[in-house]
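Encoded as structure tokens, the structure appears first; notes follow it.
There are 2 protein chains.
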Amino acid sequence: MTAHSATLALDEAVRARLNEGEDVLHLGFGEAGLPVAPELIEVLADAGRHNGYGPVAGAPQARAAAAGWFTRRGLATEPEQILFAPGSKPLLFALLAAVEGDVVLPCPAWVSYAAQSALLGRRVIWVPVSSEAGGVPDPERLTQALRRSSSSGARPGVLILTVPDNPTGTVAPPEQVEAVCAIADRHGLAVISDEIYSELCHRGAAPSPARYLPERTVVTTGLSKSLALGGWRIGYARTPLGGWGRRVHEELIGVASEIWSSLAAPMQAVADHVLGDPPEITARIAASRRLHARVATAVHARLTAAGALCRPPQAGFYLYPDFARRCEFLRSQGILTGTDLAATLLDRYGVATLPGRAFGEPDTALTLRLATSLLYGTTRRECERALAVEEPENLPWIAASLTRLGDAVEAVVGAHHRS
Amino acid sequence: MTAHSATLALDEAVRARLNEGEDVLHLGFGEAGLPVAPELIEVLADAGRHNGYGPVAGAPQARAAAAGWFTRRGLATEPEQILFAPGSKPLLFALLAAVEGDVVLPCPAWVSYAAQSALLGRRVIWVPVSSEAGGVPDPERLTQALRRSSSSGARPGVLILTVPDNPTGTVAPPEQVEAVCAIADRHGLAVISDEIYSELCHRGAAPSPARYLPERTVVTTGLSKSLALGGWRIGYARTPLGGWGRRVHEELIGVASEIWSSLAAPMQAVADHVLGDPPEITARIAASRRLHARVATAVHARLTAAGALCRPPQAGFYLYPDFARRCEFLRSQGILTGTDLAATLLDRYGVATLPGRAFGEPDTALTLRLATSLLYGTTRRECERALAVEEPENLPWIAASLTRLGDAVEAVVGAHHRS
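Written out as structure tokens, the structure is:
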């Protein structure tokens, strides 16, 4: 039985409650929470006459645009290395199908890696991340896990990294990415680097594993997060040069041709436009990045004030607080697991989050994932205003949500206001 | 190794030759060969502001529209029975993942069923179709095959039917569909009914297996063929009412949520519009249907004149001639297989077709699949004219292609003009 993806399932449940007039503060879903950039609506409208299936990997122009996009970001890329898909999720699935072996995941990790592995009959080997940043296994524990797994009959073949990370909202430091790539290299693992948040690093650029293990790293990304286009389903992958990369690319084309044929042609036109980095798009992404950083940072302050251990946000719009320090109070309230904690926040305070369990942690972990991107407003006008102002966290509708969230968390975990 | 889908691979190869200035008559690809209906470009443009992921199964409005669409065609349907996807291909894959057991296919069958089964590690049990129509196994041979397979250790669990059929361009008669559904029922098989050509029956309506095995038939379809929207990737499925149907629907949602999330929101708006059966859309489909019928019929006449056995076209834009009667001449030319035959047509006469082997037949079968839909013109104006006139087969550009095709086939198979 394949369960409904935890994030999508929670989103549907919350929206149903909102539609029935319930007042839910939605921190459970990784939607970027912003309107479409107006010019992209025009690009889509202009692309309406494109109705052919086209090549599986994508139209030559769109592939060239994506190659240029990677190249300008320091990863020299040829159009032949690019493959488009209806989202990066199908690309990740097709990649897992294309690459052999069991799947090594950082813990916590985005909900779908393990579910896709299970669909393909692969074992998952979970390796905890460091206290510094998520998305990349702690190097020492990775070595131990690989040693253990080979003696237990598992056949680790591929390591998925998330740089920047969902669920922790952090960016693994370059030396950690480098160390993990070296271990992957020694053990003959392929690396799939999910970089869908790469444009949303609050400062600087994320260190792509493709720099450290160039010949065996496949990068996946898309426009869902940087331009809030989740509902347009535009993803693309970059396979490496060389024999291994070419074989993976061929296999990817095969799998793609049998599962989804191609990315919708009008969406390829959108990708072609965006990936040329026109100034309006660059500005839009910069404004979004700034908004995500300000609001995530404001939520972080409230979480730590309530006693959570929480890595400071460095990218995207996620926080991953751990309330282990409040475990005694929580136990006294009958809250023994992350699931209990999320359920209490939702049922008593209308605050929707996901427990760490959804991301591979044991349910005894008192962790939550909060997506802060649905706090920007409920109308297009509010969201555009949030994008435009210096201090979006002080806009009344955002400030009210921050207060509500802080109060709810403090009440549930038994923290007290200290002025 | 998953090979590039035969139809998509040939399309890319042919388009590359065309781009290099070669003059290829493209009968190798099942694209509907017509421009987008102008009003749909407007619908897409108006839907540009929709950027949320939305529910996995589709937006409530689009699901209601699809339910109404089925209901008006005689299959009473609730919105809860509908699931949208980026094309019907991912739906077929997800359905195969959702339903257990080995896969029974008519032979010949569309290229992707067997490839998807292989990706999921399922065996395929091929059962020949009758000489009357394709898409549905011959009932007697189905019974024999199921008896044999259970004694050989296969575990048949699902039967895929194609009504109307690709590759034969025929519609199985109701009594044959009924007989096959009764056999499926006796053997506890689920039925997946691929009905993507249902709007393109040249006369009357196709008999859906969902009428004969209502509680265990899932119907898949989409807008790729009826409205020439292959490149917009809009598919939808109808799961049955009842316990089995609900379980399959849940499982489908699970698989969909982990592989593609949802159909792009602007494309759901297009589906919502089309599936309301507005008069302009109904008229557009009727004109397309008529054009497909006239040109396929004209090609059929040329193929039989060249000595082929070929079922008369009844739906869509396909023909599946068998040149077994010309085998002696073909052998004298070194043409021993369907692959040889297709290669000779392409290399000597620039006529692109696919051999029966791509559809599950042994390569000794001297069969070809011809898609006649890319003969309508090379410009939007030519295609719109073909849609509008009484006798499109007499438009100079279509008549020239018909002559070229007929001459090429006659030359290769050694038939002589009589008259």
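Sequence order for the protein chains is A and B.
Numbers in this note's numbering are just positions in the first sequence, counted from 1, shifted up by 952.
Numbers in this note's numbering are just positions in the second sequence, counted from 1, shifted up by 952.
Glycine residues also receive a C-beta, built at the ideal position from the N, C-alpha and C atoms.
Run down chain B in chain order and give the residues with a C-beta less than 7 Å from the C-beta of residue i.
| i | result |
| --- | --- |
| Thr954/A | Glu1203, Gly1206, Val1207 and Glu1210 |
| Ser1064/A | Glu1210 |
| Gln1068/A | Glu1210 |
Throw me the rounded Cβ distance for the residue i and residue j pair, which I believe falls under 8 Å.
| i | j | result |
| --- | --- | --- |
| Ala1097/A | Val1079/A | 5 Å |
| Ala1049/A | Val1207/A | 5 Å |
| Gly1140/B | Glu1052/B | Gly1140/B to Glu1052/B, Cβ: 11 Å. No contact. |
| Ala1017/B | Leu1227/B | 4 Å |
| Ala1180/A | Val988/A | 7 Å |
| Arg1254/B | Glu1345/B | Incorrect: roughly 10 Å between the Cβ atoms, too far for contact. |
| Ala1267/B | Leu1152/B | 5 Å |
Using a Cβ cut-off of 9 Å, pull out every chain B residue sitting near residue i, in sequence order please.
| i | result |
| --- | --- |
| Val1008/A | His956, Ser957, Leu960, Ala961 and Glu964 |
| Val988/A | Gly1000, Arg1001, His1002 and Asn1003 |
| Ala997/A | Ile993, Glu994, Leu996, Ala997, Asp998 and Gly1000 |
| Pro1031/A | Per Cβ cutoff of 9 Å: no residues; Pro1031/A is ~14 Å from chain B at best. |
| Ala1049/A | Thr954 and Leu1071 |
Pick from the options: whose alpha carbon is nearest that of residue i?
| i | options | result |
| --- | --- | --- |
| Leu1044/A | Pro1125/A, Ala1067/A and Thr1330/A | Ala1067/A |
| Lys1041/A | Leu1357/A, Tyr1188/A, Arg1001/A and Ala1258/A | Tyr1188/A |
| Asp1315/A | Ala1351/A, Ala1157/A, Ala1276/A and Val1251/A | Ala1276/A |
| His1368/B | Gly1259/B, Pro1126/B and Gln1285/B | Gly1259/B |
| Leu1318/A | Arg1337/A, Leu1293/A, Arg1332/A and Val1129/A | Leu1293/A |
| Leu1339/A | Arg1236/A, Ser1284/A, Leu1282/A and Leu1326/A | Arg1236/A |
| Val976/B | Leu1297/B, Thr1331/B, Ile1287/B and Gly1308/B | Leu1297/B |
| Leu1111/A | Ala1250/A, Cys1133/A, Glu974/A and Leu1215/A | Cys1133/A |
| Thr1330/A | Leu1347/A, Leu1320/A, Ser1082/A and Arg1321/A | Leu1347/A |
| Asp1359/B | Thr1256/B, Cys1335/B, Leu1306/B and Thr1291/B | Thr1256/B |
| Met953/A | Glu1280/B, Glu1202/B and Phe1281/B | Glu1202/B |
| Arg1138/B | Gly1121/B, Tyr1164/B and His1154/B | Tyr1164/B |
| Phe1281/A | Glu1210/A, Arg1356/A, Ala1217/A and Gly1366/A | Gly1366/A |
| Gly973/B | Arg1356/B, Gly1302/B and Ile1077/B | Gly1302/B |
| Arg967/A | Leu1357/A, Ala1351/A and Ala1304/A | Ala1304/A |
| Tyr1328/B | Leu960/B, Asp963/B, Leu986/B and Ala958/B | Leu986/B |
| Arg1120/A | Pro1091/A, Ser1102/A, Gly1086/A and Ser1150/A | Looking at the sequence shown, residue 1120/A is not Arg but Thr. It is Gly1086/A. |
| Val1056/B | Pro1091/B, Arg1025/B and Arg1024/B | Pro1091/B |
| Asp1054/A | Ala1061/A, Pro1038/A, Gly1073/A and Val1361/A | Gly1073/A |
| Ser1102/A | Gln1128/A, Arg1075/A, Arg1001/A and Glu1084/A | Arg1075/A |
| Ser1150/A | Thr1122/A, Ala1136/A and Ala1142/A | Thr1122/A |
| Arg1241/B | Glu1342/B, Ala1142/B and Ala1162/B | Glu1342/B |
| Arg1321/A | Leu1288/A, Ser1284/A, Ala1295/A and Asn971/A | Ala1295/A |
By Cβ distance, which residues of its chain are closer than 7 Å to residue i, with the 5 residues on each side in sequence left out?
| i | result |
| --- | --- |
| Ala1323/B | Leu979, Gly980, Phe981, Gly982, Phe1269 and Tyr1270 |
| Ser1160/B | Leu1027, Val1115, Ser1145, Glu1147 and Val1171 |
| His1252/A | Cys1262, Pro1264, Pro1265 and Leu1271 |
| Cys1059/B | Trp1078, Val1079, Pro1080, Val1081, Gly1312 and Glu1313 |
| Thr1029/A | Ala1019, Phe1022, Thr1023 and Arg1190 |
| Trp1349/A | Gly1329 and Glu1334 |
| Val1088/B | Pro1058, Val1081, Leu1113, Val1115, Ala1124, Gln1128, Val1129 and Val1132 |
| Ala1014/B | Phe1036, Gln1220, Ala1223 and Asp1224 |
Name the chain A residues that come within less than 8 Å of residue i, Cβ to Cβ?
| i | result |
| --- | --- |
| Ser1213/B | Ser957, Leu960, Gly1039, Lys1041, Gly1182 and Arg1185 |
| Phe1045/B | Glu1210 and Ile1211 |
| Ala1216/B | Pro1038, Gly1183, Trp1184, Arg1185, Ala1216 and Met1219 |
Going along the chain, which residues of its own chain have a beta-carbon closer than 6 Å to the beta-carbon of residue i, five neighbours each way excluded?
| i | result |
| --- | --- |
| Ile1186/B | Gly1174, Leu1175, Met1219 and Ala1223 |
| Ser1371/A | With a pLDDT of 38 at Ser1371/A, under the threshold of 50, the modelled position of that residue is not reliable, and the figure given next carries that caveat. Correct list: empty, nothing qualifies. |
| Gly1290/B | Pro1307, Gly1308, Arg1309, Asp1315, Ala1317, Leu1318 and Thr1319 |
| Asp963/A | Phe981 |
| Glu1232/B | Glu991 |
| Leu960/A | none |
Kindly examine the ligand FMN and report whether one of its heavy atoms sits closer than 7 Å to the Cβ of residue i.
| i | result |
| --- | --- |
| Pro1108/B | Looking at this structure, you won't find the ligand FMN or any other ligand, since it has none at all. |
Using a cut-off of 7 Å between C-beta atoms, extract the partners of residue i located in chain A.
| i | result |
| --- | --- |
| Ile993/B | Gly1000 and Arg1001 |
Apart from the five residues just before and just after residue i, which ones in its own chain have a Cβ nearer than 8 Å to its Cβ?
| i | result |
| --- | --- |
| Glu1167/A | Pro1192, Leu1193, Gly1194, Trp1196 and Gly1197 |
| Ala958/B | Val1063, Leu1306 and Ala1310 |
| Gly1006/A | Ser1214, Ala1217 and Gln1220 |
| Ile1205/B | Val1008, Ala1009 and Leu1035 |
Give the residues of chain B in contact with residue i, contact being defined as C-beta atoms less than 8 Å apart.
| i | result |
| --- | --- |
| Glu983/A | Gly1004 and Tyr1005 |
Could you give the uninterrupted runs of the alpha helix (DSSP H) lying entirely in the segment 1005-1059 of chain A, keeping only those of 4 residues or more? With a minimum length of 4 residues, the continuous alpha helix (DSSP H) runs that stay inside the segment 1005-1059 of chain A are 1012-1024 and 1040-1050.
Fully enclosed by the segment 1249-1296 of chain B, which alpha helix (DSSP H) runs are 4 residues long or longer? With a minimum length of 4 residues, the continuous alpha helix (DSSP H) runs that stay inside the segment 1249-1296 of chain B are 1279-1284.
Only counting runs of 3 or more residues, tell me where the beta strand (DSSP E) segments fall wholly within the segment 1062-1091 of chain A, in order along the chain. Within the segment 1062-1091 of chain A, the complete beta strand (DSSP E) runs of at least 3 residues are 1076-1080.
Every unbroken alpha helix (DSSP H) within the segment 1087-1122 of chain B, with a cutoff of 4 residues, ordered by chain: Fully enclosed alpha helix (DSSP H) runs of 4 or longer: 1091-1103.
To test your reading of the DSSP string, which unbroken alpha helix (DSSP H) runs of 4 or more residues are found completely within the segment 1167-1198 of chain B? Under the rule that a run must span 4 or more residues, no alpha helix (DSSP H) segment is found entirely inside the segment 1167-1198 of chain B.
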